[in-house]
Each structure stands twice: as structure tokens, then as C-alpha cells.
Amino acid sequence: MRLLSNIGSYFLLMGRTFIRPERHSILYRQTMREIEKVGINSFPIVVVISLFVGAVITIQTNFNIENPLLPKYLVGVTVRDSLLLEFSSTMVALILAGKVGSSIASELGMMRITEQIDALEVMGINSASYLILPRIIAAVLFFPILCLLSIMVGLFGGYLACVLGGVMPSNDYIYGIQYAFYPYYVGYALTKTVFYAIIITSVSSYFGYHVKGGAVEVGRASTRAVVQSSILILMANLILTRTILS
Amino acid sequence: MIEVKHLYKSYDGTFVLNDVSARFEQGKCNLIIGRSGSGKTVLLKSIAGLIEVDEGEIWYDQHKFSHLDSRARREIRKEMGVLFQGAALFDSLTVEENVLFPLEMFTRQTRAEKLERANFCLERVRVSGSNGLYPAELSGGMKKRVAIARAIALNPRYLLCDEPNSGLDPETGIVIDNLIKELTEEFQMTTIVNSHDMNSVLEIGDKVIFIYRGCLCWEGSREEILQTDNEALNNFVFATNMAKQIKRP
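In order, the protein sequence lines correspond to chains A and B. Going by our numbering, the first sequence opens with residue 1, and the numbers climb by one from there. Going by our numbering, the second sequence opens with residue 247, and the numbers climb by one from there.
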């Protein structure tokens, strides 16, 4: 029953979120602020993680296909497809659910318990639309950029593993990452990222917006936002993969 | 004028408001007093439309607020200024941006006109010169003043204040109270102040209503409050031993 009630109030909140904003200029300004907060500020973590994961996938793949019958460039192919199909969309989304999701839930939760959301409501402002819509738009616009960045940095990480770590000849790696490339995979990764962006921002906003009580509840809402977003991302991954790649 | 008629509100079968009716006059400071948990915050939030009552009517002049849809309520809310207990300033905005906020949302004025109005409001509450500060950098009293400036930015007809001097020392509390009274008289607003501070009651209470266990138990002026025989009110007003000794003669 509680699950159904949560799903119901989530959709009611989304109904209030996706309506015409009070002022488009304010929506634009808020969206730019959110792009900085949820997007640009996530650059460092995405770069660092993607760089190391790219290098590690290269080393592990090379270690696992030590077979004279298999050409070395297959390592490059595997790294590229791993990044494109799964890591740079789903794994990065799970990382962002932790970083961005907890930040959104705790920020809105604090606004709720300090009556800032009530202040918006009594001013006659649709607080859901004012607070949540810019976050969703910012994430939908910017998460695909983070996904592309992750792919590029991950591939570069693999290259560094070849050049600096001497894992395999870098020529083979570069040939591999270009071999049998399907641009469709990029579209697939970006499509998934857009869905994940909506899940992370809307679910986290839902938990933050409905906080009741004090600081302990804000912490709980933040944890629930990350856990529920992560589960939904994994479920969406299965459904989208089945739908798009079959 | 704001009027509430036969308001009922219950949580899990317990009545928090039980047949409360009252009238709050324009140009006067109307105080709602009562012990913690007596239902005064629920009453104020019901009047503001933040809590839906189970039964009863809330009137803002000729508008039956309690029966309006959200769009029509929004129009009345634009004429409403609310001062929250914790000030509820937006953390991410500076003092100036906080006061500009309602002007940017609801007016078509130029940037210069909005700034002029914001600065006027800040000067009116005596907080000029702090425009670039963030709420976290302000004292409790200054936060309340900025919140009042934000509340009056749109020239509201109704001002609702939830415990405006809670967390403040008595001297600063009186300054805030007097500011509310001055603004009420100057702009002829209908002001409702929720308080359990007797200093406020005796300083600014043009009309006082006492809520006891969710019911309206007494109403009158600040002068009458000292002579009343109402036992619950006397227990509230003269709670300390020293106050009881003052009352005895």
C-alpha cells in the first residue's frame, strides 16, 4: 500500500512540476544555475573515475585474452564497447545518483524543514515547478555531455595504460577502438543517459520535497533517494537494453 | 479583514482546531496566543492555506478563500505577506535577492524600479547596507527584518506572522514587534501574529484571541487580558510565580 501511495504522490508531484512556469526568464536562470551545480561540478568525478576505469578495463581485458589466436586490437574493441554500452551511461549514472541525487534530496529537504518551500507556496508560486523543473531540464541537457566526456576520457585512460603501463602496443589499441564502430551505440548510450537523468533528478526531488521532521529525516531522505534512484536506474537499464538493442 | 468561521481540523481523530471562529480587523495587530501545541500554528497555517481544514470557512474580505481553487488562491496569495518562525529566507540568495524575489516573480517593473522598491523595503525595516550578505551571515533579528522586508515588498493587504520574535532576546523581540505594528498601521494591512510571548501581547496586541486545546477560549484587548477571570488564560498569562504575585492584589 505504501509503495502504491508513494508512486501516486510521485506522479502527482510530477504533474505539478511539468506545468507552464511562472516566468520563462526565471526558469532559464534557474536552469543555468542547476547546470553548473549538477553538471559542471560533476566534471571532476566523472573524469577521474572514467580515466581509471578505462585503464583498468584495458589491463583486465588484455590479461584475459592472452591467446595467440586472438588479435591484440580486440582489447581496444572490448574497451570501447564496454564504455559505450554500459560504463559511461549506467555506471556513471549510478555515480551521479550518489553525488547529484543526494545533493538534490538534502537541499530540498532542508528547504522543506526550514519552511522555504512553504514561503514559496504562500507567495503564490508553484514550488514544485520552480524547484524541480530546472533540475530535471539541467540534468537532461547536461548528463549526455557527461556521458560523452566519460567515453572519451575512458578511452584515453586505456591509451595511457598502453603507453605508460606497457600493457600492449598502443597502435593495436587505437586500431581496436576504431574497428567495427557502430555510431548507433553512441545514440543508445545517450538515450539511456536521458532516462537516467530524469530518474535521478525526479526521484531525488520527490524524496527531498516530502521530508517531514528534522535533520535526521533529511539524511534518511537523501539515502532513500540514492538507493531508489539506483534501483530504478538498473531496472530502466534492463528495459531500455531489451527495447533498444533487440 | 480576515474572518474564519467554524474551523475544524483533526489529526488521527484528535481535534487540533475545534469550532474556531474569529474576525481579524484591517489596520490592527491581531494576536493569536496559546500554549505550545494548543493549535495556534495550525490555525495560522490554515488561514495561509498551507493546511487544509476539515470543515469551516476562511474569508479574505469578500473572497471565500477556503473554497477557491488553486489558481484563484494564488491571486489572493500575491496580496499576502508571511513571516515564518525561522524567517524562511532563501539560503542561496543574498538579502537583496531575497527581497527582489517576489518583485521578479510577479511584477513587470524595470530592474531599476525593482531595486528601488527592494532598497526602500530594506531601509523601512532598517537593514540597509547588508544587501550583499547571505542569510547565513545574518543575526536572528536581522533575518526577521529581511523576512519582513520580503513580506511587504509587494505591498500586501494581509500580513501573517508566525512567532516573529521566537529565538530573539526580549529587546530585539520588541523592536520586531513594534516594526510589525508600525507597518500594519502605515500600510493598513490586516495583520495576524501568532505568539506565546506576553511582551508582544502587551506591546502590540490590538485584539487578542486565546486558543486553548484547539478551541477559541477567550478574545479581547490587551487591556482586558489583565483583568480577565478566565482560568486557562490566567494560567497562561501569569505562568511564573512572580507574575502570579503581581496578579494577586
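Every residue, glycine too, gets a C-beta built ideally from N, C-alpha and C. As the structure is a prediction and not an experimental result, all values here were calculated from the model.
Counting only runs of 4+ residues fully inside the segment 256 to 341 of chain B, write out the alpha helix (DSSP H) ranges in chain order. 286 to 294, 316 to 323
Can you name, in chain order, every residue of its own chain whose Cβ lies under 7 angstroms from the Cβ of B/T486, other than the five neighbours on each side? Numbered from its first residue, the second sequence carries residue 486 of chain B at position 240. Cβ neighbours of B/T486 beyond the five flanking positions: none.
Chain A contact residues for B/E409, given Cβ-Cβ distances below 9 angstroms: Your numbering for residue 409 of chain B matches position 163 in the second sequence. Per Cβ cutoff of 9 angstroms: no residues; B/E409 is ~12 angstroms from chain A at best.
Going along chain B, which residues have a C-beta under 8 angstroms from A/Q116? For this step, residue 116 of chain A is matched to residue 116 along the first sequence. Those are A334, L335, F336, D337, listed as they occur along chain B.
Helix, strand or coil: which one does DSSP assign to A/Y196? Residue numbering aside, residue 196 of chain A sits at position 196 when the first sequence is read from its first letter. A/Y196: helix per DSSP, three-state reduction.
Determine the burial state of B/T260: buried for a count of at least 16 other Cβ atoms within 10 Å of its Cβ, exposed for fewer. What you label residue 260 of chain B is simply residue 14 of the second sequence in a count that begins at 1. With fewer than 16 Cβ atoms within 10 Å of its Cβ, B/T260 is classed as exposed.
Applying the criterion that 16 or more other CB atoms from any shown protein chain within 10 Å of the CB defines a buried residue, is B/V299 buried or exposed? Here residue 299 of chain B is taken as the residue at index 53 of the second sequence, counted from 1. Label assigned to B/V299: buried.
Give, in chain order, every unbroken run of the alpha helix (DSSP H) that is at least 4 residues long and sits entirely within the segment 333 to 415 of chain B. 341 to 352, 357 to 370, 386 to 398
Contact under 9 angstroms by Cβ, B/V371 with B/C407: To locate residue 371 of chain B, count along the second sequence from 1; it is residue 125. To locate residue 407 of chain B, count along the second sequence from 1; it is residue 161. Not in contact: B/V371 and B/C407 (Cβ atoms no closer than 9 angstroms).
Closer than 7 angstroms at the beta carbon, the chain A residues around B/M435: Start at 1 with the first residue of the second sequence, and residue 435 of chain B comes out as number 189. The contacting residues do not exist; B/M435 stays about 15 angstroms from chain A at best.
Test: A/E22 CB closer than 9 angstroms to a CB of chain B: As a first step, residue 22 of chain A must be located in the first sequence, where it is residue number 22. Closer than 9 angstroms: yes.
Would you call the segment 77 to 91 of chain A and the segment 191 to 198 of chain A touching, i.e. three or more CB-CB distances under 8 angstroms? yes
Please state if the CB of A/A225 and the CB of A/Y196 are separated by a distance shorter than 9 angstroms. Reading the first sequence from its first residue, position 196 is the one you call residue 196 of chain A. Reading the first sequence from its first residue, position 225 is the one you call residue 225 of chain A. Not in contact: A/Y196 and A/A225 (Cβ atoms no closer than 9 angstroms).
From A/L120 to A/I239, what distance separates their C-alpha atoms? By one-based count along the first sequence, residue 120 of chain A stands at place 120. By one-based count along the first sequence, residue 239 of chain A stands at place 239. Their Cα atoms are separated by approximately 38 angstroms.
Quick one: which chain A residues come within Cβ less than 9 angstroms of B/A294? On the second sequence, position 48 is the one that residue 294 of chain B refers to. Neighbours of B/A294 on chain A, chain order: D118, E121, V122.
Reference A/S222, options A/G166, A/V186, A/V100, closest by Cα: Position 222 of the first sequence, counted from the start, is the residue given in the question as residue 222 of chain A. Comparing Cα positions, the closest option is A/V100.
In terms of DSSP beta bridges, what is B/S441 paired with? Counting from one through the second sequence, the residue named residue 441 of chain B turns up at place 195. Per DSSP, B/I279.
Ignore the nearest five residues each way along the sequence and tell me which others in A/V153's own chain have a CB closer than 6 angstroms to its CB. To locate residue 153 of chain A, count along the first sequence from 1; it is residue 153. So the list reads V47, S50, L51, once near-sequence residues are dropped.
DSSP state of A/I65, grouped into three classes? Residue mapping note: residue 65 of chain A aligns to position 65 of the first sequence, counting from 1. A/I65: coil per DSSP, three-state reduction.
Member of A/Y185, A/K212, A/I199, A/V163 whose CA lies at the smallest distance from the CA of A/L84: In the first sequence, the residue the question calls residue 84 of chain A occupies position 84. When only C-alpha atoms are compared, the closest one is A/Y185.
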